[in-house]
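Here full-length UniProt numbering is used: position 170 in the sequence shown is 170, and no number is missing along the way.
We put the CB at the ideal spot given by N, CA and C, even for glycine.
Quantities reported herein were computed from a predicted structural model and do not represent experimental measurements.
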Amino acid sequence: MSVRVRLDLGYDGTDFAGWAAQPGQRTVEGELSRALTTLLRAPEPVRLTVAGRTDAGVHARGQVVHADVDEAAYLAVVGRSRRSPEEAAVVRLRGLLGSDILVHRVCRAPAGFDARFAAVWRRYSYRIADSLSTADPVRRRDTVWLPDPVDVDVMNQASAGLLGLKDFAAFCKRRAGATTVRTLLDFSWARGADGVVEARVVADAFCHSMVRSLVGSVVPVGLGREDAAWPGQVQAAAARNGRVKVMPAHGLCLEEVGYPADAALADRARESRARRDGA
Numbered sequence: 001m002s003v004r005v006r007l008d009l010g011y012d013g014t015d016f017a018g019w020a021a022q023p024g025q026r027t028v029e030g031e032l033s034r035a036l037t038t039l040l041r042a043p044e045p046v047r048l049t050v051a052g053r054t055d056a057g058v059h060a061r062g063q064v065v066h067a068d069v070d071e072a073a074y075l076a077v078v079g080r081s082r083r084s085p086e087e088a089a090v091v092r093l094r095g096l097l098g099s100d101i102l103v104h105r106v107c108r109a110p111a112g113f114d115a116r117f118a119a120v121w122r123r124y125s126y127r128i129a130d131s132l133s134t135a136d137p138v139r140r141r142d143t144v145w146l147p148d149p150v151d152v153d154v155m156n157q158a159s160a161g162l163l164g165l166k167d168f169a170a171f172c173k174r175r176a177g178a179t180t181v182r183t184l185l186d187f188s189w190a191r192g193a194d195g196v197v198e199a200r201v202v203a204d205a206f207c208h209s210m211v212r213s214l215v216g217s218v219v220p221v222g223l224g225r226e227d228a229a230w231p232g233q234v235q236a237a238a239a240r241n242g243r244v245k246v247m248p249a250h251g252l253c254l255e256e257v258g259y260p261a262d263a264a265l266a267d268r269a270r271e272s273r274a275r276r277d278g279a
């Protein structure tokens with residue numbers, strides 16, 4: 001008998017070739033699957049379903065994964081300890097994973113839970129230091145440095161024009177048979193107490209390179225190179241624009257994934273599959 005397990009984790013994406021397993025590459029999926037396979041003494045590699053497939057160099061604080069595993073093997077992870085299977089799994093995975101991945105929580109998933117399709121939103125952040133006084137070498141792995149200052153107010157004006165249910169083909173790398181229609185729920189900018197400018201980007205889902213392209217369309221506005229209406233014009237054209245720079249991966253972090261109440265999980269997963277056609 002199998003049981004569906006939910007794992008909440010974070011990672012420093014610097015030294016990974018992204019989430020998705022790739023032959024000969026160190027990936028988050030590959031490392032986590034290997035650790036779970038060892039922990040559970042599974043005869044085959046444990047297969048994982050993830051809330052969002054991060055690219056090479058992208059970080060995560062609130063990534064969510066599920067796996068269907070043998071229930072007897074899951075219960076056996078406690079060994080001779082007095083810990084619950086959930087507590088034991090967290091402790092033992094810490095010893096099986098590198099220091100740049102940390103599983104925060106393991107639990108039995110409620111009925112209908114699907115880490116990918118049951119999610120109702122994903123929240124990302126993007127950090128930019130736009131002066132030498134705010135460029136902190138301690139944060140060089142998660143903050144992009146710009147040589148010139150940006151205007152946060154005009155960036156917020158530009159970002160607001162992209163909100164809502166739209167076709168974001170201009171900001172996505174297309175996949176055959178996959179839709180590029182998404183609902184952008186929040187795209188806003190704020191300068192923190194440390195002087196770093198941070199974007200908050202929330203949508204029901206994101207397609208490949210979408211967040212970094214959205215940021216890349218607004219940064220030129222903040223630098224005074226484009227007007228505030230330009231990102232909206234790019235979006236409306238529904239085609240990739242060579243003037244939109246895909247921003248560096250290391251400034252991006254998956255912060256949180258939101259799910260509905262347990263009773264609505266299965267319905268949400270069905271609706272999401274139908275609407276996005278596997279996107």
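Between the CA atoms of residue j and residue i - distance to the nearest angstrom
i	j	result
G278	T180	Bear in mind that a pLDDT of 40 at G278, under 50, signals an unreliable position, so the number given afterwards is only what the model happens to contain. Looking at the two C-alpha atoms, the distance is approximately 11 Å.
G10	V65	11 Å
R212	P248	7 Å
S133	M155	21 Å
R270	Y124	24 Å
L102	V150	34 Å
G30	G98	12 Å
V46	D70	10 Å
D32	R61	Looking at the sequence provided, one finds Leu at residue 32 rather than Asp. Roughly 15 Å separates the two Cα atoms.
L75	L163	45 Å
V246	H208	11 Å
V90	G161	43 Å
F168	G112	29 Å
G224	V218	10 Å
L185	A205	10 Å
L96	A35	6 Å
L254	G222	23 Å
R240	R26	30 Å
W121	P43	34 Å
Cross-strand partners of residue i (DSSP beta bridge)
i	result
T49	H66
V201	Y124, F187
residue 282	Residue 282 cannot be examined here, being either before or after the span of the chain that is shown, 1 to 279.
G258	W121
H59	C253
V3	V69
A129	W145
Environment of residue i [buried if 16+ CB atoms lie within 10 Å]
i	result
M1	exposed
Q63	buried
H104	exposed
D194	exposed
T38	exposed
At which residue ranges does the stretch 136–191 contain complete beta strand (DSSP E) runs of 3 or more residues, listed in the order of the chain? Listed in chain order, they are 164–167, 181–191.
Check whether the stretch 48–62 touches the stretch 2–21, taking contact to mean three or more Cβ pairs, one atom from each stretch, closer than 8 Å. Contact annotation: the stretch 48–62 touches the stretch 2–21, with at least three C-beta pairs closer than 8 Å.
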